[in-house]
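A.B. asks: Please see the structure below; I have some questions.
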Amino acid sequence: MTRPWNFAAGPAVLPAEVLMQAAAEMLDWQGSGMSVMEMSHRGKEFMSILDQAECDLRELLAVPANYKVLFMQGGAIAENAIVPLNLAGKRGKVDYVETGSWSTKSIAEARRFADVNVAASNLVADAKQGKYTYIPSVSEWQVRPDAAYLHLCGNETIDGVEYFAWPDMDALGAGDVPLVVDVSSHILSRPMEVSRFGLIYGGAQKNIGPAGLTLVIVRDDLLDQSQDACPTAFRYRTVADNGSMFNTPPTYAIYIAGLVFKWLKANGGLAAMEQRNIAKSHLLYEALDATGFYRTHVERACRSRMNVPFFLADESLNERFLVGAKERGLLQLKGHKSVGGMRASIYNAMPIEGVHALVDYLREFEKQHA
Ligand SMILES: *Cc1c(COP(=O)(O)O)cnc(C)c1O
Numbered sequence: 422m423t424r425p426w427n428f429a430a431g432p433a434v435l436p437a438e439v440l441m442q443a444a445a446e447m448l449d450w451q452g453s454g455m456s457v458m459e460m461s462h463r464g465k466e467f468m469s470i471l472d473q474a475e476c477d478l479r480e481l482l483a484v485p486a487n488y489k490v491l492f493m494q495g496g497a498i499a500e501n502a503i504v505p506l507n508l509a510g511k512r513g514k515v516d517y518v519e520t521g522s523w524s525t526k527s528i529a530e531a532r533r534f535a536d537v538n539v540a541a542s543n544l545v546a547d548a549k550q551g552k553y554t555y556i557p558s559v560s561e562w563q564v565r566p567d568a569a570y571l572h573l574c575g576n577e578t579i580d581g582v583e584y585f586a587w588p589d590m591d592a593l594g595a596g597d598v599p600l601v602v603d604v605s606s607h608i609l610s611r612p613m614e615v616s617r618f619g620l621i622y623g624g625a626q627k628n629i630g631p632a633g634l635t636l637v638i639v640r641d642d643l644l645d646q647s648q649d650a651c652p653t654a655f656r657y658r659t660v661a662d663n664g665s666m667f668n669t670p671p672t673y674a675i676y677i678a679g680l681v682f683k684w685l686k687a688n689g690g691l692a693a694m695e696q697r698n699i700a701k702s703h704l705l706y707e708a709l710d711a712t713g714f715y716r717t718h719v720e721r722a723c724r725s726r727m728n729v730p731f732f733l734a735d736e737s738l739n740e741r742f743l744v745g746a747k748e749r750g751l752l753q754l755k756g757h758k759s760v761g762g763m764r765a766s767i768y769n770a771m772p773i774e775g776v777h778a779l780v781d782y783l784r785e786f787e788k789q790h791a
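Anchor point for the sequence shown: position 245 equals 666 in the numbering used here, and the numbering is continuous, going up by one each time.
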């Protein structure tokens with residue numbers, strides 16, 4: 422069976438091998454006589470699925486022993502509240518860097534629970550060429566040395582802005598401030614030095630698996646700072662002490678995530694993924710840069726390898742572009758409504774053949790309409 426190429430931003434493409442294995446195991450998981458959806462979350466079958474998923478994730482990201490891996494719910498949007506409720510502590514001071522639509526949302530939500538300082542922002546409110554197009558120079562960030570944490574969005578899924586280097590907190594005069602990062606849309610796309618962060622979180626539906634699962638990786642000294650108002654089910658300490666089983670976890674989503682972790686390991690791990698993702702994104706950006714028919718707004722140094730927003734110079738052709746793409750089996754290329762234009766999301770599970778197909782179409786469409 423051939424499937425079209427799916428460029429959705431999320432929920433997004435999954436490896437075909439993973440979907441086929443899930444299909445084969447749908448009615449009877451490994452001789453248990455049950456679908457994973459039908460199992461008790463506390464039974465030995467599901468416990469083994471959860472343990473294996475955690476173990477494989479720890480291996481892929483080389484998660485140090487003093488970090489907990491939590492399988493939660495509510496997505497990254499819920500974490501926008503859960504993070505300050507857990508980490509703001511008595512001081513209640515939290516710092517954020519604004520680099521795009523998602524960090525802007527994080528800031529707005531944090532203001533409900535803490536004293537927020539925006540340490541740096543790239544927002545150009547009246548921009549004609551994209552509101553968020555670069556990462557503010559780190560040497561200019563104003564981080565409060567007594568903030569409870571500094572929050573970043575590692576990859577701005579909507580705007581296509583990605584960090585490729587993490588800030589040196591000592592150099593910012595904030596050596597004691599833990600770094601918190603939303604990695605929803607680029608987790609597992611490349612290796613990551615977990616020990617540089619206090620907390621890493623992300624929704625699963627971009628680069629890991631189905632919606633409904635939120636991954637949190639948190640340093641264990643940060644587990645006990647939660648505000649009284651924090652719901653028990655969202656307290657990192659409670660979730661950690663209960664092995665992500667304080668409430669019923671999203672069992673099927675965890676199972677699929679576990680299959681994706683196995684797929685990543687079988688395909689060379691995160692170093693190999695990074696090479697693939699570099700090759701894919703170069704191919705696409707080169708094609709877009711080669712002509713004035715298409716435009717991009719984001720500065721080269723922080724162009725996302727995962728989410729590539731682009732625009733037709735003649736926007737009256739947008740609808741025709743999308744119809745033609747669909748006819749060729751190139752799906753979900755429409756840009757986010759707040760940005761317009763097009764967006765190609767090329768997560769781990771998108772093979773380079775899919776990017777070649779898109780690039781071929783870009784050239785052909787230009788030839789027909791230039
Ligand atoms: C998709 C996304 C979110 C929102 O995730 P939900 O699962 O809808 O809560 C937040 N941050 C980033 C970077 C995202 O890509």
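Note that beta-carbon positions come from the ideal geometry of N, C-alpha and C, so glycine has one too.
#1: Could you check what DSSP says for W562 in three-state terms: helix, strand or coil?
#2: Determine the DSSP secondary structure at L544, reduced to helix, strand or coil.
#3: Can you tell me where the beta strand (DSSP E) with C476 in it begins and where it stops?
#4: Do you know offhand how far V564's Cα is from E530's?
#5: According to DSSP, V840 sits in a beta bridge with which residue or residues?
#6: In or out: D477 buried (at least 16 other Cβ within 10 Å) or exposed?
#7: I need the straight-line Cα distance from F714 to Y706, nearest angstrom please.
#8: Which same chain residues, not among the five before or five after A625, have their C-beta less than 8 Å away from its C-beta?
#9: Examine ligand 1 and report whether any of its heavy atoms sits within less than 7 Å of the Cβ of F606.
#10: Could you check the C-alpha separation between A592 and F618 for me, to the nearest Å?
#11: Scan the segment 688-740 and note each continuous alpha helix (DSSP H) run of 4 residues or more that stays entirely inside, going in chain order.
#12: Could you spell out the range, first to last residue, of the alpha helix (DSSP H) harbouring D649?
#13: Taking W450 as the reference, give the member of S469, S527 and L435 with the closest Cα.
#14: Provide the residue(s) that pair with A765 in DSSP beta bridges, ordered along the chain.
#15: Tell whether a beta-carbon distance below 8 Å holds between Q646 and G510.
#16: Do L620 and L508 have their C-beta atoms closer together than 8 Å?
#17: When the distance is taken between beta carbons, is G756 closer than 8 Å to G762?
#18: Which residue comes first and which comes last in the beta strand (DSSP E) that contains K511?
#19: Would you mind stating whether L571 and V601 have Cβ atoms separated by less than 8 Å?
#20: Would the C-beta of W523 count as close to ligand 1, meaning under 7 Å from any of its heavy atoms?
#21: Taking C-beta to C-beta, are M460 and T659 nearer than 8 Å?
#22: Tell me whether C723, by its Cβ, gets closer than 7 Å to a heavy atom of ligand 1.
#23: Between which residues of its own chain and V457 is the CB-CB distance below 6 Å, once the five residues before and five after are set aside?
#24: Quick check on A770: buried or exposed, where buried means 16 or more other Cβ atoms within 10 Å of its Cβ?
#25: Does M455 come out as helix, strand or coil in the three-state DSSP assignment?
#26: What does the Cβ neighbour count give for D603, buried or exposed, with the cut at 16 atoms within 10 Å?
#27: Below 8 Å on the Cβ atoms is my contact criterion, and I expect I773 with L704 to pass it. Report the Cβ-Cβ distance as a whole number of Å.
#28: Using only the alpha-carbon positions, how far apart do A499 and N576 sit?
#29: For the beta strand (DSSP E) that Y488 lies in, which residues bound it at each end?
C.D. replies: Let me lay it out:
#1: Taking the sequence shown and counting its residues from 1, the one referred to as residue 562 is at position 141. W562: coil per DSSP, three-state reduction.
#2: Indexing the sequence shown from 1 puts residue 544 at position 123. Coil, per DSSP.
#3: On the sequence shown, residue 476 is found 55 positions in, with the first residue counted as 1. No beta strand (DSSP E) holds C476; the alpha helix (DSSP H) holding it covers K465 to L482.
#4: Numbered from 1 along the sequence shown, position 143 holds the residue referred to as residue 564. Numbered from 1 along the sequence shown, position 109 holds the residue referred to as residue 530. The alpha-carbon atoms of V564 and E530 are separated by roughly 19 Å.
#5: The structure shown has nothing for residue 840, since the chain only spans 422 to 791.
#6: Your numbering for residue 477 matches position 56 in the sequence shown. Buried is the call here.
#7: The sequence position of residue 714 within the sequence shown is 293, counting from 1. The sequence position of residue 706 within the sequence shown is 285, counting from 1. Their backbone Cα atoms lie some 13 Å apart in a straight line.
#8: The sequence position of residue 625 within the sequence shown is 204, counting from 1. Cβ neighbours of A625 beyond the five flanking positions: P631, A632, G633, L634, T635, L636, A674 and A678.
#9: Counting from one through the sequence shown, the residue named residue 606 turns up at place 185. In the sequence on display, residue 606 carries Ser and not Phe. Result yes, Cβ under 7 Å from ligand 1.
#10: As a working mapping, residue 592 is identified with position 171 in the sequence shown. As a working mapping, residue 618 is identified with position 197 in the sequence shown. Answer to the nearest angstrom: the Cα atoms are 15 Å apart.
#11: 690-710
#12: Residue numbering aside, residue 649 sits at position 228 when the sequence shown is read from its first letter. Segment: none, D649 is in no alpha helix (DSSP H) and carries neither H nor E.
#13: If you number the sequence shown from 1, residue 450 lands on position 29. When only C-alpha atoms are compared, the closest one is S469.
#14: As a working note, residue 765 is residue 344 in the sequence shown. Partner(s): V729.
#15: Along the sequence shown, one-based indexing puts residue 646 at 225. Along the sequence shown, one-based indexing puts residue 510 at 89. Yes, they are a contact pair.
#16: Taking the sequence shown and counting its residues from 1, one reaches residue 620 at position 199. Taking the sequence shown and counting its residues from 1, one reaches residue 508 at position 87. Yes, Cβ-Cβ distance for L620 and L508 is below 8 Å.
#17: Taking the first residue of the sequence shown as position 1, residue 762 is located at position 341. Taking the first residue of the sequence shown as position 1, residue 756 is located at position 335. Going by C-beta atoms, G762 is nearer than 8 Å to G756.
#18: Position 90 of the sequence shown, counting from 1, holds the residue named residue 511. Counting along the chain, K511 falls outside any beta strand (DSSP E), and DSSP gives it neither H nor E.
#19: Walking along the sequence shown from the start, residue 571 turns up at place 150. Walking along the sequence shown from the start, residue 601 turns up at place 180. Yes.
#20: Numbered from its first residue, the sequence shown carries residue 523 at position 102. Because some heavy atom of ligand 1 lies under 7 Å away, the Cβ of W523 counts as near it: yes.
#21: Within the sequence shown, residue 460 is the residue found at index 39, counting from 1. Within the sequence shown, residue 659 is the residue found at index 238, counting from 1. Their beta carbons are not under 8 Å apart, which means M460 does not touch T659 by this criterion.
#22: By 1-based counting over the sequence shown, the position of residue 723 is 302. No, Cβ of C723 sits at least 7 Å from all heavy atoms of ligand 1.
#23: Counting from one through the sequence shown, the residue named residue 457 turns up at place 36. W450, Y673 and Y676.
#24: Within the sequence shown, numbered from 1, the residue matching residue 770 stands at position 349. Under this definition A770 is a buried residue.
#25: For the purposes of this step, residue 455 is taken as residue 34 along the sequence shown, with counting starting at 1. Looking at M455 - three-state DSSP - the assignment turns out to be coil, as it is neither helix nor strand.
#26: Residue 603 sits at position 182 when you count from the first residue of the sequence shown. Buried.
#27: For the purposes of this step, residue 773 is taken as residue 352 along the sequence shown, with counting starting at 1. For the purposes of this step, residue 704 is taken as residue 283 along the sequence shown, with counting starting at 1. Correct: roughly 7 Å between the Cβ atoms.
#28: As a working note, residue 499 is residue 78 in the sequence shown. As a working note, residue 576 is residue 155 in the sequence shown. For A499 and N576, the distance between alpha carbons rounds to 18 Å.
#29: Counting from one through the sequence shown, the residue named residue 488 turns up at place 67. Segment Y488 to M493, the beta strand (DSSP E) holding Y488.
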